[in-house]
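Residue numbers are given in numbering that gives the first Met the number 0: position 64 of the sequence shown equals residue 63, and the series is strictly consecutive.
Glycine residues also receive a C-beta, built at the ideal position from the N, C-alpha and C atoms.
Remember, predicted model here, so these are calculated numbers, not experimental data.
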Amino acid sequence: MLGLLTLNSVAWWLYARRFADSVEEVGDALRVRRRGLEELIPISDIAKVSEQIEWRTRKVVLSLRGSSKFGRRVEFFPKPNSPFGSLGGSDVSRALRERVAMTAALGAIASAGARSPSG
0 MLGLLTLNSV
10 AWWLYARRFA
20 DSVEEVGDAL
30 RVRRRGLEEL
40 IPISDIAKVS
50 EQIEWRTRKV
60 VLSLRGSSKF
70 GRRVEFFPKP
80 NSPFGSLGGS
90 DVSRALRERV
100 AMTAALGAIA
110 SAGARSPSG
């Protein structure tokens with residue numbers, strides 16, 4: 000029994016260590032912290048926001064346009080805003096998806112304006 004408990008603890012530790020300890024919105028960036036590392040990742044560097052359920056736990060996955068200290072993906076567990084805990088919906092991924100889409104649209108408008116001839 001003790002061996003099974005130890006094996007389960009090691010498996011959980013290996014699984015959970017890839018997740019960010021915290022993700023905070025700071026202006027036009029996210030401050031990501033994981034095991035002593037910290038990086039500000041601009042919203043414009045996020046290509047995709049997805050939400051997945053693994054081991055009956057909801058997680059948010061940020062796919063980045065380039066590499067960061069954490070690689071090209073940042074994964075974290077959002078705080079649930081549901082009475083069903085982590086199985087209930089989370090407003091975090093929806094809000095981040097909207098924010099990424101708005102930033103991309105504003106970037107496209109700005110670059111189109113820069114390319115158009117003035118006259």
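Ala94 and Thr5 have their alpha carbons spaced roughly 38 Å apart.
Annotation note: the segment 42-111 contains no uninterrupted alpha helix (DSSP H) run of length 4 or greater.
Proximity to Arg64 across Lys58, Arg57, Val73 and Thr56 peaks at Val73, based on C-alpha coordinates. Its chain contains no residue whose beta carbon lies nearer than 7 Å to that of Glu24 once the 5 sequence neighbours on both sides are disregarded. Beta-bridge partners of Ala28 (DSSP): Val25 and Pro41. Residue environment analysis places Leu61 among the buried positions, since at least 16 neighbouring C-beta atoms fall within 10 angstroms of its C-beta. The alpha carbon of Glu38 has as its nearest neighbour, out of Arg98, Ala100 and Arg71, the alpha carbon of Arg71.
Between Ser66 and the set Ile45, Ala111, Arg17 and Gly2, the nearest pair of CA atoms involves Ile45. Arg57 sits buried, since 16 or more C-beta atoms from the chains shown fall within 10 Å of its C-beta. Around the beta-carbon of Ser21, fewer than 16 other beta-carbon atoms lie within 10 Å, marking it exposed.
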